[in-house]
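Just so we're aligned: the first sequence equals residues 448 to 684 in our numbering.
For reference, the structure discussed in these notes is given below.
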Amino acid sequence: MERSSEEEMLITKGPWTEQEDSLLFNYITVHGEGHWNSVARYTGLKRTGKSCRLRWLNYLRPNVRRGNITLQEQLLILDLHSRWGNRWSKIAEHLPGRTDNEIKNYWRTRVVKQAKQLKCDVNSKQFRDTLRFVWMPRMLERIRAQASSSAQAHQSSLISNSNTQAHSGLLSSALHAHAPSLSDSSASYNLMGADAGSCSSHSYYSDIAGNGFGGADLWTDQNICFLQHQLAHHDLF
DNA sequence: AATCCCAACAACCGCCGTCAC
DNA sequence: TGTGACGGCGGTTGTTGGGAT
């Protein structure tokens, strides 16, 4: 059925207002998610069902984490993207609180941009190999360094903390992840073992993504230079 | 102070799969 | 089996805020 032009004219587009957010939030709090076209109809919102769904999932939904993608999350995104490609929603499943939209934006604004800066196709084997065998192990080293300094700094306070066991579990997860040394170009990068689709790996991803270590940006000028150098000598792969 | 540029993010669009009829 | 409604996904575009000039 085609929407009449009169109806078409009534559809609001663009940024959501506080009142709209409030209407949508209250409705879903009472009635739950789903039936998005009904949501639009019953709340009186002049929005499409799709627009309501998107607003809820990307912004209003409880537990949505926004901004400051941590080092661990960056590493996860790179790793999962190397496995699944642009399957943003699938990747998002392993980053609690992150939306596919946010991950997609991160990829486009950071990774693709840097690939361009390196005069490299983001989908080329050269770039992917550099990420996988050089860049990701490097990130992991940084995560380890952060984790150990953080652990030292908080050791005494953690002892009496009821979360100590869970926290050290995170650390051991990160520290057990195998990464080849930078000089070991023949070693394969294996972050979380063979079975990426299992429940245990899901838990592992959640642990890594959910911990609070650092929020540093890896895409510094210094690091880009390093990558450039690696790419210039990509025959080592 | 004005403007320009660019990065980051929010939102829209089009396509596709599923389901009910 | 065909068709329309709906929801989900990925690509793309629009907007905005901050830094540079």
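C-beta atoms are modelled at their ideal positions from N, C-alpha and C, and glycine is treated no differently.
Residue i (DSSP reduced to helix, strand or coil)
{"i": "Trp463", "result": "coil"}
{"i": "Lys566", "result": "coil"}
{"i": "Glu480", "result": "coil"}
{"i": "Lys493", "result": "coil"}
{"i": "Ile516", "result": "coil"}
{"i": "Ser595", "result": "helix"}
{"i": "Pro584", "result": "helix"}
{"i": "Val559", "result": "helix"}
{"i": "Asn533", "result": "coil"}
{"i": "Asn571", "result": "Correcting the residue type first, residue 571 is Ser in the shown sequence and not Asn. DSSP places Ser571 in coil when its eight states are reduced to three."}
{"i": "Arg500", "result": "helix"}
{"i": "Trp554", "result": "helix"}
{"i": "Arg545", "result": "coil"}
{"i": "Asn510", "result": "coil"}
{"i": "Thr524", "result": "Residue identity differs from the one stated: residue 524 is Ile in this sequence, not Thr. In the structure shown, Ile524 sits in a helix (DSSP, three-state: H, G or I)."}
Reference residue i, options the options, closest by Cα
{"i": "Leu591", "options": "Glu540, Leu522, Pro543", "result": "Correcting the residue type first, residue 591 is Arg in the shown sequence and not Leu. Residue Leu522 is the option with its Cα nearest to Arg591."}
{"i": "Leu527", "options": "Arg575, Leu471, Ala598", "result": "Arg575"}
{"i": "Asp468", "options": "Ala487, Gly481, Lys551", "result": "Ala487"}
{"i": "Trp535", "options": "Glu520, Ser529, Gly544, Lys551", "result": "Lys551"}
{"i": "Glu549", "options": "Trp531, Gln564, Glu520", "result": "Glu520"}
{"i": "Gly481", "options": "Leu470, Leu504, Glu465", "result": "Leu504"}
{"i": "Gly514", "options": "Ile475, Ser485, Leu471, Gly544", "result": "Gly544"}
{"i": "Trp582", "options": "Ser498, Ser529, Ala598, Ser597", "result": "Ser529"}
{"i": "Asn510", "options": "Asn533, Leu542, Leu525", "result": "Leu542"}
{"i": "Glu465", "options": "Ser498, Leu507, Ser597", "result": "Leu507"}
{"i": "Pro584", "options": "Val477, Leu525, Gly479", "result": "Leu525"}
Same chain, Cβ closer than 7 Å to residue i, five either side skipped, listed in chain order
{"i": "Arg500", "result": "Trp483"}
{"i": "Val569", "result": "Val558, Val559, Ala562"}
{"i": "Trp531", "result": "Lys537, Ile538"}
{"i": "Arg512", "result": "Gly544, Arg545"}
6 Å CB neighbourhood of residue i in its chain, flanking five on each side removed
{"i": "Ile516", "result": "Tyr553"}
{"i": "Arg555", "result": "none"}
Nonlocal neighbours in the same chain, by C-beta distance under 8 Å from residue i, ignoring five residues either side
{"i": "Tyr474", "result": "Val486, Tyr489, Thr490"}
### Query
Should the stretch 458-466 be regarded as contacting the stretch 486-505, the criterion being three or more beta carbon pairs within less than 8 Å?
yes
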